[in-house]
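In the UniProt record's numbering, the protein residues as written are 1 to 171. First up is the structure itself, then whatever we jot down about it.
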Amino acid sequence: MVVAETKPEKAVEEYQDRHAPDYAATIDHGTSTFSPVPKRVMNGSEPGDITPAAVLSGAPVDLQARVVRIHKPAKPATQSGTWGSMAWRMDWDPLPKGHRWENPLMGWQSSGDFMQGTNIKFKSKEDAVRFAEKQGYEYYVQEPQERRVVPKAYANNFVHEPGPLKHIKTK
Numbered sequence: 001m002v003v004a005e006t007k008p009e010k011a012v013e014e015y016q017d018r019h020a021p022d023y024a025a026t027i028d029h030g031t032s033t034f035s036p037v038p039k040r041v042m043n044g045s046e047p048g049d050i051t052p053a054a055v056l057s058g059a060p061v062d063l064q065a066r067v068v069r070i071h072k073p074a075k076p077a078t079q080s081g082t083w084g085s086m087a088w089r090m091d092w093d094p095l096p097k098g099h100r101w102e103n104p105l106m107g108w109q110s111s112g113d114f115m116q117g118t119n120i121k122f123k124s125k126e127d128a129v130r131f132a133e134k135q136g137y138e139y140y141v142q143e144p145q146e147r148r149v150v151p152k153a154y155a156n157n158f159v160h161e162p163g164p165l166k167h168i169k170t171k
């Protein structure tokens, strides 16, 4: 009976060893300046009131140890509207080492990162932070830079200003 109990424990240890993040990996600044090595791997014994959902769902350790970025996307430079820039977005940082390679046929960058193109939209920053905490993700928030709009009017060219006349050369 004792032998049967040690086999599952050994299998769990081997699984955790195989899927544990590489804490000695260097950060790939060419891919992302915000890719810190994960600080912890969740196993359900974390302090706090909430057990992370990633532990309960049986998510792979690779996904549990990921860092997420919460940000508000900037308005596209080619568009004048602000349609897609109102919601907050959460996306996963690229894996720091060994998960990108150059495709030998075309020379394109390839990736084995299954969360690379995934993002989730939220109505507010608080909702995104609450979701990341509930999932047990390490996260950081990038505050948006507010757009400065300078009011301009053609009529301002003809407003009287005391002092010498403005001389605008056109050629």
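Glycine residues also receive a C-beta, built at the ideal position from the N, C-alpha and C atoms.
### Task
Pull up the CB-CB distance for TYR139 and VAL129, whole angstroms please, since I reckon it's below 8 Å.
7 Å
### Query
Whose C-alpha, out of ASN103, SER80, HIS71, VAL68, is nearest the C-alpha of VAL149?
SER80
### Query
So ASP127 is in the alpha helix (DSSP H); what residue range does that whole segment cover?
125-135
### Task
Pull up the distance between the alpha-carbon of GLU146 and that of SER85, whole angstroms please.
11 Å
### Query
At what residues does the beta strand (DSSP E) containing ASP49 begin and finish?
ASP49 -> no beta strand (DSSP E), and no H or E assigned at all.
### Message
Closest to LYS121 by C-alpha separation, out of SER110, LYS72, PRO94, would be which residue?
### Response
LYS72
### Task
Under 7 Å Cβ to Cβ from TRP101, same chain only, skipping five residues before and after it: list those, please.
SER110
### Task
Return the chain-ordered list of same chain residues with a C-beta closer than 6 Å to the C-beta of VAL68, the five sequence neighbours on each side being excluded.
MET90, TRP92, ALA132, TYR137, TYR139
### Alpha carbon of VAL141 to alpha carbon of ARG66, nearest angstrom
15 Å
#### Entry: Residues bridged to VAL68 (per DSSP)
TRP92, TYR139
### Query
If you run the structure through DSSP and keep just helix, strand and coil, what is GLU102?
strand
### Query
Is it buried or exposed for PRO52, if we count other Cβ within 10 angstroms and need 16 for buried?
buried
### Task
Spatial neighbours of GLU9 within its chain, please: CB distance less than 8 Å, with the 5 preceding and 5 following residues excluded, ordered by chain position.
none
### Query
If you count every other CB in all the chains shown that lies within 10 Å of the CB of TRP108, and 16 or more means buried, which is it?
exposed
### Query
By Cβ distance below 6 Å, which residues in the same chain neighbour MET115 in space, the five residues on each side in sequence not counted?
TRP92
### Query
Looking only at its own chain, which residues have a Cβ that is under 8 Å from the Cβ of LYS152, when we skip the five neighbours before and after it?
none
### Task
Count the other C-beta atoms from every protein chain shown that fall within 10 angstroms of the C-beta of ILE70, then say buried if there are 16 or more, exposed otherwise.
buried
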